[in-house]
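Numbering (the numbering used here), first residue to last: 157 to 272. Written out below as structure tokens is the structure these notes cover.
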């Protein structure tokens, strides 16, 4: 049974940091590209960052470049999103996904709220 379980969300003040984790099971994690998305109510889900299966190549949305870092630990079947210098506009539900070819799996999401 495929599972992606996000954790680490919460309430943080502007300028603060959070680290999201996404623990995977039920598939060969190291074969999949891992992505983080975010979504606010009434808007489309947007890609935040992705990391290739061996972790060598990463890419980021312009809005988070220099502030967020995606990483993965294939031994632990986990992908991370380190978020620094958080802004109110980063408030969203954050989802991780695993993709290989036409297959995509999704987690249930974790809420991140940036507010004073």
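Note that the Cβ used here is the ideal one computed from N, Cα and C, for glycine as well.
For residue i, the three-state DSSP class (helix, strand or coil)
i, result
"residue 186", "helix"
"residue 200", "coil"
"residue 246", "helix"
"residue 218", "coil"
"residue 210", "coil"
"residue 158", "coil"
"residue 238", "strand"
"residue 175", "strand"
"residue 223", "coil"
Through-space distance from residue j to residue i, alpha-carbon basis
i, j, result
"residue 255", "residue 226", "16 angstroms"
"residue 191", "residue 249", "14 angstroms"
"residue 185", "residue 170", "33 angstroms"
"residue 261", "residue 253", "5 angstroms"
"residue 188", "residue 244", "31 angstroms"
"residue 268", "residue 220", "14 angstroms"
"residue 193", "residue 231", "23 angstroms"
"residue 222", "residue 157", "36 angstroms"
"residue 217", "residue 204", "5 angstroms"
"residue 239", "residue 214", "15 angstroms"
"residue 162", "residue 236", "9 angstroms"
"residue 258", "residue 242", "33 angstroms"
Nearest residue (CA-CA) to residue i, options the options
i, options, result
"residue 246", "179, 165, 236", "165"
"residue 182", "268, 239, 263", "263"
"residue 266", "179, 157, 241", "179"
"residue 159", "205, 218, 216, 234", "234"
Beta carbon proximity, residue i to chain B, threshold 9 angstroms
i, result
"residue 225", "Absent from the structure is chain B; it holds one protein chain and no more."
Expected contact under 8 angstroms - CB spacing of residue i and residue j to nearest Å
i, j, result
"residue 271", "residue 167", "7 angstroms"
"residue 228", "residue 212", "Their Cβ separation, rounded to whole angstroms, is 10 angstroms, which puts residue 228 and residue 212 out of contact at 8 angstroms."
*With a cut-off of 8 angstroms, do at least 3 Cβ pairs link the region 168–175 to the region 195–206?*
no
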